[in-house]
Every structure is written in structure tokens, then in C-alpha cells.
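First the structure, in the form of C-alpha cells, and then the observations on it.
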Amino acid sequence: MIEILSPSQVDRARVTGRLVGDILDTLRDRCEVGTNLLDIDRWAQEMILGAGATSCYVDYAPSFGRGPFGHYICTAVNDAVLHGLPHDYRLADGDLLTLDLAVIVDGIAADSAISFVVGSGSAADLAMIDTTERALAAAIAAAQVDHRIGDISRAIGTVLSGDGYPINMQFGGHGIGTTMHQDPHVANAGRPGRGYKLRPGLLLAIEPWVMADTDELITDADGWTLRSATGCRTAHSEHTVAITADGPEILTLPSRLR
Numbered sequence: 049m050i051e052i053l054s055p056s057q058v059d060r061a062r063v064t065g066r067l068v069g070d071i072l073d074t075l076r077d078r079c080e081v082g083t084n085l086l087d088i089d090r091w092a093q094e095m096i097l098g099a100g101a102t103s104c105y106v107d108y109a110p111s112f113g114r115g116p117f118g119h120y121i122c123t124a125v126n127d128a129v130l131h132g133l134p135h136d137y138r139l140a141d142g143d144l145l146t147l148d149l150a151v152i153v154d155g156i157a158a159d160s161a162i163s164f165v166v167g168s169g170s171a172a173d174l175a176m177i178d179t180t181e182r183a184l185a186a187a188i189a190a191a192q193v194d195h196r197i198g199d200i201s202r203a204i205g206t207v208l209s210g211d212g213y214p215i216n217m218q219f220g221g222h223g224i225g226t227t228m229h230q231d232p233h234v235a236n237a238g239r240p241g242r243g244y245k246l247r248p249g250l251l252l253a254i255e256p257w258v259m260a261d262t263d264e265l266i267t268d269a270d271g272w273t274l275r276s277a278t279g280c281r282t283a284h285s286e287h288t289v290a291i292t293a294d295g296p297e298i299l300t301l302p303s304r305l306r
């Protein structure tokens with residue numbers, strides 16, 4: 049299903065997006081050496097429920113996971129990159145952490161992810177995070193009315209491959225609206241001029257992610273967490289974007305960046 053939202057629904061999406069951005073911003077500030085992943089999940093729960101929002105993850109049970117997910121946020125550390133299941137682990141100096149959050153407010157969802165290093169980070173880790181952030185910025189710039197999904201995918205892939213990273217095509221961005229995951233799929237590489245034509249009211253969760261030296265994923269024993277097959281580091285950046293007649297609008301920026 050590809051969902052085109054009405055102007056009033058896009059207004060509601062702005063509220064949801066701001067909440068997602070603010071929660072991730074707060075969690076990033078709270079994460080330090082010694083922080084337990086289960087505490088991050090608890091903090092996310094408190095902020096989501098305190099805002100009157102609904103988690104997209106607690107009851108999430110897709111075919112590729114061992115569901116339901118049962119937690120409020122994805123916490124992926126080092127070689128984990130997607131669907132990181134929170135568990136009893138305390139962050140160490142130099143850990144590369146990805147937080148991925150999706151919630152629904154007033155019937156509209158928003159989804160975002162950030163990667164950052166806890167404590168002191170290596171140049172390689174910081175460069176990889178920067179690559180995903182620049183790929184996301186390039187993709188958002190391409191998300192114009194009458195452009196196509198392939199234009200967004202091409203923008204992402206050009207940055208990722210240009211920096212020397214392999215690209216996995218199994219998981220990517222997606223449409224979003226009254227539910228978290230919708231069509232169209234937004235691959236992290238593609239051909240320009242191909243795919244669905246962008247229209248005002250379309251919301252996309254665009255999410256470049258990479259693994260340092262492989263494009264192959266393995267599934268953790270927890271049935272959810274996806275890791276690099278080689279044990280290499282990973283990074284992931286994501287925003288929910290509204291396609292508008294005036295250009296793309298990032299909905300999941302935190303309040304301090306608006």
C-alpha cells in the first residue's frame with residue numbers, strides 16, 4: 049500500500065516527527081560509558097507513554113523477526129546495525145551505538161535513527177557515521193515532487209559506494225503514514241528515473257546504513273538483531289521526510305535543530 053496523506057494528516061505527522069526527534073536527542077545525551085541498553089529502552093518507554101504516544105515496536109511481529117519485538121526502541125551496538133534487541137549490556141568506551149525509534153501520535157507514525165560513538169571514537173567509525181549522514185542529506189535533497197524513488201536510491205548509493213562501502217539491498221527505507229512500514233521500498237542504491245513518482249503527501253522513512261567491509265547480514269540468536277557477517281562496525285542514519293510542493297520537509301528533526 050502506498051498512502052498519500054491529507055494536509056491535516058501531514059500536520060499530525062509533524063507532531064509525531066518532532067516527538068521522535070526529541071526522544072532520540074534526549075537519549076543520545078543520556079548515553080554514556082556504563083549505560084545499560086535496558087535503561088535506554090526504559091527511558092524510551094517513559095517518554096513515549098508520557099507523551100501519549102504508541103510504540104510501533106512493542107507488538108511488532110514481521111515475518112523476518114522472532115516476534116513480537118517486545119521493546120520500545122532498537123539498540124544496535126558495534127557490529128549490529130538493524131533491529132537491535134535491547135538486552136542486559138553496559139556500553140563501553142568506544143562503542144558505536146545506533147538508536148532506531150518509531151512511534152505513532154494521533155494515528156500517524158514517524159521513524160528515525162541515529163548512530164554515534166559513546167566516549168572516544170575512532171576516525172574510521174566517525175567517518176562511517178558521517179557517510180550515512182551525507183547519504184541521507186543527498187537522498188532528502190533528491191526527494192522532490194515528480195522525481196522518482198530511483199532518484200533517491202541513486203543519491204544514497206552514490207555517496208555510500210563513493211566512500212568505498214558495500215551496499216546491502218535487503219533492507220532500506222520505506223513509505224510511512226498511518227502504519228510504520230508501507231510501500232514504496234527505498235533501496236540504498238538504484239537507477240535514477242525509475243520507480244514510483246513522488247507526490248505531495250507522501251511520507252518516506254529514508255535510511256542509509258552500511259557495514260564497514262561487507263554487504264552480508266547475519267541474524268543474532270535473539271531472532272531479531274541483524275549483524276555484519278564479518279563482525280565489522282556498522283552505522284545507520286534515518287529521517288522521516290514529507291514530500292511537499294515546496295520541497296522535502298524533514299519531520300524528525302529535534303526541536304533544537306528547527
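Sequential numbering from 49 applies to the sequence shown in this note's numbering.
For glycine and all other residues, C-beta sits at the position ideal for the given N, C-alpha and C.
Computed from a prediction, not measured in an experiment: that's the story for all the values here.
Check: Closer than 7 Å by C-beta to G118: which residues in its own chain qualify, once you throw out the five before and the five after it? Chain order, please.; Outcome: V106
Check: DSSP three-state call for M259: helix, strand or coil?; Outcome: strand
Check: So P232 is in the alpha helix (DSSP H); what residue range does that whole segment cover?; Outcome: Segment Q230 to V234 is the beta strand (DSSP E) holding P232; no alpha helix (DSSP H) there.
Check: Say whether the segment 255-265 touches the segment 97-111, bearing in mind that this needs 3 or more beta-carbon pairs closer than 8 Å, one atom from each stretch.; Outcome: no
Check: Can you check which of these residues, I71, R306, W91 and R281, is closest to P214 by C-alpha distance?; Outcome: R281
Check: Measure the beta-carbon distance from M176 to A283 and round it to whole angstroms, keeping in mind my assumption that it falls under 8 Å.; Outcome: 5 Å
Check: Where D231 and I50 are concerned, what is the direct C-alpha to C-alpha distance, given to the nearest angstrom?; Outcome: 5 Å
Check: Would the beta-carbon of L147 fall within 9 Å of that of L75?; Outcome: yes
Check: Could you name the residues that DSSP lists as bridge partners for C122?; Outcome: D148
Check: With a threshold of 16 other CB atoms inside 10 Å of the CB of Y120, please say whether the residue is buried or exposed.; Outcome: buried
Check: Just verifying my parser: in three-state terms, what is the DSSP assignment at E51?; Outcome: coil
Check: Who pairs with I162 in a beta bridge, going by DSSP?; Outcome: L147
Check: I need the DSSP call for R275, collapsed to helix, strand or coil.; Outcome: strand
Check: Sort out for me which residues DSSP pairs N84 with in a bridge.; Outcome: R138
Check: Using 10 angstroms around the beta-carbon of P116, count the other beta-carbons present and answer buried if the total reaches 16, otherwise exposed.; Outcome: exposed
Check: Do P296 and A191 have their C-beta atoms closer together than 9 Å?; Outcome: yes
Check: Please report the straight-line C-alpha distance between D136 and F112, rounded to a whole angstrom.; Outcome: 23 Å
Check: With three or more beta-carbon pairs closer than 8 Å as the criterion, would you say the segment 143-162 touches the segment 64-82?; Outcome: yes
Check: Considering Cα atoms alone, identify which of I52, H131, A253 and D59 is closest to D270.; Outcome: H131
Check: Could you work out which residue in R62, I200 and T180 is closest to R242 when comparing CA atoms only?; Outcome: I200
Check: Just to confirm my understanding: we take W91, look at its own chain, exclude 5 residues before and 5 after, and list those with CB closer than 7 Å. What are they?; Outcome: L75 and R78
Check: Run through DSSP, which three-state label would S103 get?; Outcome: strand
Check: Which residue from G65, V68, I88 and D127 puts its Cα closest to that of G279?; Outcome: D127
Check: Of all the options L299, A124 and A203, which has the alpha carbon lying nearest to the alpha carbon of D89?; Outcome: A124
Check: Near R239, which residues of its chain fall below 7 Å by C-beta distance, leaving aside the five closest residues on each side in sequence?; Outcome: G198 and R202
Check: For I197, name the three-state secondary structure that DSSP assigns.; Outcome: helix
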